[in-house]
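Peer 1:
2 protein chains.
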Amino acid sequence: MSSEKLKIAVLGGTGNIGEGMVLRLALQNLMAEGVKNEVIIGSRSKEAANEAAKKAISELENCGFDTSKITITGNSNHEAAQAAEVIILTIRFGHVLPLLHEIREALEDKILITPVVPMEKEGDLFVYEPPEEGSAALAIQKNVPASTKVVAAFHNIPARKLRDIVKCKSVYHALVCSDDAEAKKLVIKLTDHMGCMKPLDGGPLKQANTMESLTPLLINLAKLNGFKDLGINFS
Amino acid sequence: MSSEKLKIAVLGGTGNIGEGMVLRLALQNLMAEGVKNEVIIGSRSKEAANEAAKKAISELENCGFDTSKITITGNSNHEAAQAAEVIILTIRFGHVLPLLHEIREALEDKILITPVVPMEKEGDLFVYEPPEEGSAALAIQKNVPASTKVVAAFHNIPARKLRDIVKCKSVYHALVCSDDAEAKKLVIKLTDHMGCMKPLDGGPLKQANTMESLTPLLINLAKLNGFKDLGINFS
Chain H
1 MSSEKLKIAV LGGTGNIGEG MVLRLALQNL MAEGVKNEVI IGSRSKEAAN EAAKKAISEL
61 ENCGFDTSKI TITGNSNHEA AQAAEVIILT IRFGHVLPLL HEIREALEDK ILITPVVPME
121 KEGDLFVYEP PEEGSAALAI QKNVPASTKV VAAFHNIPAR KLRDIVKCKS VYHALVCSDD
181 AEAKKLVIKL TDHMGCMKPL DGGPLKQANT MESLTPLLIN LAKLNGFKDL GINFS
Chain G
236 MSSEKLKIAV LGGTGNIGEG MVLRLALQNL MAEGVKNEVI IGSRSKEAAN EAAKKAISEL
296 ENCGFDTSKI TITGNSNHEA AQAAEVIILT IRFGHVLPLL HEIREALEDK ILITPVVPME
356 KEGDLFVYEP PEEGSAALAI QKNVPASTKV VAAFHNIPAR KLRDIVKCKS VYHALVCSDD
416 AEAKKLVIKL TDHMGCMKPL DGGPLKQANT MESLTPLLIN LAKLNGFKDL GINFS
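What follows is the structure in structure tokens.
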């Protein structure tokens, strides 16, 4: 158990996956001994990020949680990244590379987590469309400083279940891959405290393409077989 | 319920996945009402196939099953394919295209099931290495007559669990994809009677690449996280 404060920026934290991630990361301060996460929502607009932070805190209060030990603030994507040790990119692949270019110097020596999935709709179904590097994770690695530790994780967790901090009792496997052993270890620990995820070591970053391709698979299987919010378990 | 006899050739039926498939397909005659599967093991050597068929029957007898309603025979790959309505390719990707070329005329109008996964070992882990068509399934479709109905299925079932007809109580999701609705329906029905699989519609054959890539993922996750014989469940 460490009692260090960990500053985590959730860029795109006002979006679908981002909202659930923010709530779950903040709640770890109440759920797991010694955890002191400080969550910073990043957004293109500082005002929107601030609004989202206030909304998240009041939602936790309304659910009956003691928010005196919880820190959620909002800022611009650049300021949020600058302040954080861990940065989570909960934004669409199409916006990722321009953003990384814009905040490049804020990424030096940081852990950068990508749950990003490049996919396209084709008829009723989704198709995984990785960039020429082989995966979003590898394209991201190519576009950040050499000192940035890229970790791919959280692609396959149904957003609605992640968001549902009170009622969701389901636990899904979450695959974590990286070429940096220490960074992977930290993300596995974060994941383990998330309440709805059981982390598994997914190997090196080269394996991220399979993890990314599971997201369109899950959406397609739900659509084709009449399910909702599918997650994945290995047994 | 149909009382028609369905002749199923398991090419490579003397191998790892093939053995379990043969036993499970034959056992359906006892387990599911109206099913009358006739299983033909195909192999490069007719003698080896015959031996494997005898061994399978005697294994079922030793497990206490009434084999009077069970038909398992052996033949050359070509003769087995010729006699069957459904052909399952339980052989390595490297051997598939030459074999398809050799037995091409026996494939006309047949249902051809591919659980084939092209993968390579890289260090301790496996990497999915699809051919330029995008998947083994699409490469196979390109190399068979236009009248052959290609169905991709059974990639992600742990061989040892499939083989363990008595003790294995685990049930895994099995993804089935095809561009032919009728053929997909038949394979989903076959899968549903397998005892260790719950079939899911995986969509068109174009989606087979994701299903194929799950096999190296499962092997890697088992290796990296200290598990054995991992299968997959969606929930």
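Residue numbers (the numbering used here), protein chains in the order written: chain H, 1 to 235; chain G, 236 to 470. Even for Gly, the Cβ is constructed at its ideal location relative to N, Cα and C.
Quick check: I307 (chain G) and I292 (chain G), are their CB atoms within less than 8 Å of each other?
Peer 2: Against the second sequence, residue 307 (chain G) aligns to sequence position 72. Against the second sequence, residue 292 (chain G) aligns to sequence position 57. For I307 (chain G) and I292 (chain G), yes; Cβs fall inside 8 Å.
Peer 1: In chain order, what residues of the same chain have a beta carbon less than 8 Å from the beta carbon of I46 (chain H), not counting five sequence neighbours either side?
Peer 2: Counting from one through the first sequence, the residue named residue 46 (chain H) turns up at place 46. Reading off the sequence, residue 46 (chain H) comes out as Lys, not Ile. So the list reads G74, N75, S76 and E79, once near-sequence residues are dropped.
Peer 1: Determine the contact status of A32 (chain H) and L60 (chain H), defining contact as a CB-CB distance below 8 Å.
Peer 2: Along the first sequence, read from residue 1 onward, the residue named residue 32 (chain H) stands at position 32. Along the first sequence, read from residue 1 onward, the residue named residue 60 (chain H) stands at position 60. It is not a contact, given that the beta carbons lie outside the stated cut-off.
Peer 1: Can a CB atom of chain G be found closer than 8 Å to the CB of N29 (chain H)?
Peer 2: Taking the first sequence and counting its residues from 1, the one referred to as residue 29 (chain H) is at position 29. Judged by the 8 Å Cβ criterion, N29 (chain H) is not in contact with chain G.
Peer 1: For S237 (chain G) and G269 (chain G), I'd like the C-alpha separation in whole angstroms.
Peer 2: Here residue 237 (chain G) corresponds to residue number 2 of the second sequence, with the count starting at 1. Here residue 269 (chain G) corresponds to residue number 34 of the second sequence, with the count starting at 1. Since pLDDT at S237 (chain G) reaches only 49, below the 50 mark, its modelled position is unreliable, and the value read off the structure follows with that caveat. If you take the alpha carbons of S237 (chain G) and G269 (chain G), they lie about 6 Å apart.
Peer 1: What does a CB cutoff of less than 7 Å around A48 (chain H) pick up in its chain, not counting 5 residues either side in sequence?
Peer 2: Locating residue 48 (chain H) in the first sequence gives position 48, counting from the first residue. Taken in chain order, the residues that qualify are T14.
Peer 1: For I467 (chain G), which option in G:H390, G:D427, G:I423 and G:P439 has the closest C-alpha, if you only look at C-alpha atoms?
Peer 2: One-based indexing of the second sequence puts residue 467 (chain G) at position 232. For I467 (chain G), the nearest C-alpha among the options comes from G:H390.
Peer 1: Hey, is I232 (chain H)'s beta-carbon within less than 8 Å of any beta-carbon in chain G?
Peer 2: Residue mapping note: residue 232 (chain H) aligns to position 232 of the first sequence, counting from 1. Yes, I232 (chain H) counts as interfacial toward chain G.
Peer 1: Can you confirm whether N156 (chain H), when its beta carbon is compared against all beta carbons of chain G, has any partner nearer than 8 Å?
Peer 2: On the first sequence, position 156 is the one that residue 156 (chain H) refers to. No - not a single Cβ of chain G is within 8 Å of the one on N156 (chain H).
Peer 1: Under 8 Å between the Cβ atoms of Q442 (chain G) and C412 (chain G)?
Peer 2: Taking the second sequence and counting its residues from 1, the one referred to as residue 442 (chain G) is at position 207. Taking the second sequence and counting its residues from 1, the one referred to as residue 412 (chain G) is at position 177. Closer than 8 Å, so yes.
Peer 1: Going by beta carbon distance, what residues of the same chain come within less than 6 Å of G12 (chain H), once the five residues before and after it are set aside?
Peer 2: For the purposes of this step, residue 12 (chain H) is taken as residue 12 along the first sequence, with counting starting at 1. Here the set comprises G18, T90 and I91.
Peer 1: Could you check how far apart the C-beta atoms of E129 (chain H) and P118 (chain H) are, in whole angstroms? I think they sit under 8 Å.
Peer 2: Translated into positions along the first sequence, residue 129 (chain H) becomes position 129. Translated into positions along the first sequence, residue 118 (chain H) becomes position 118. Their Cβ separation, rounded to whole angstroms, is 5 Å, which keeps E129 (chain H) and P118 (chain H) in contact under 8 Å.
Peer 1: According to DSSP, is F234 (chain H) helix, strand or coil?
Peer 2: Here residue 234 (chain H) refers to the residue found at position 234 of the first sequence. Correct three-state label for F234 (chain H): strand.
Peer 1: Which residues in chain A have a C-beta closer than 8 Å to the C-beta of L162 (chain H)? List them in chain order.
Peer 2: Protein chains in the displayed structure are H and G, and chain A is not among them.
Peer 1: Can you confirm whether L217 (chain H), when its beta carbon is compared against all beta carbons of chain G, has any partner nearer than 8 Å?
Peer 2: The residue labelled residue 217 (chain H) in the question sits at position 217 within the first sequence. Closer than 8 Å to some Cβ of chain G, the Cβ of L217 (chain H) qualifies, so yes.
Peer 1: Quick check: the segment 368 to 385 of chain G against the segment 435 to 451 of chain G, are at least 3 beta-carbon pairs closer than 8 Å?
Peer 2: Contact between the segment 435 to 451 of chain G and the segment 368 to 385 of chain G is present, because at least three Cβ pairs lie under 8 Å.
Peer 1: Does DSSP put K463 (chain G) in a helix, in a strand, or in coil?
Peer 2: Locating residue 463 (chain G) in the second sequence gives position 228, where the first residue counts as 1. Here K463 (chain G) sits in coil by DSSP.
Peer 1: Helix, strand or coil for N75 (chain H) per DSSP?
Peer 2: Stepping through the first sequence from its first residue, residue 75 (chain H) is reached at position 75. N75 (chain H): strand per DSSP, three-state reduction.
Peer 1: Return the first residue and the last residue of the beta strand (DSSP E) that H408 (chain G) is part of.
Peer 2: Within the second sequence, residue 408 (chain G) is the residue found at index 173, counting from 1. Y407 to S413 is the extent of the beta strand (DSSP E) around H408 (chain G).
Peer 1: Quick one: using the 10 Å Cβ neighbour count with 16 as the cut-off for buried, is E273 (chain G) buried or exposed?
Peer 2: Position 38 of the second sequence, counting from 1, holds the residue named residue 273 (chain G). By the 10 Å Cβ count, E273 (chain G) comes out buried.
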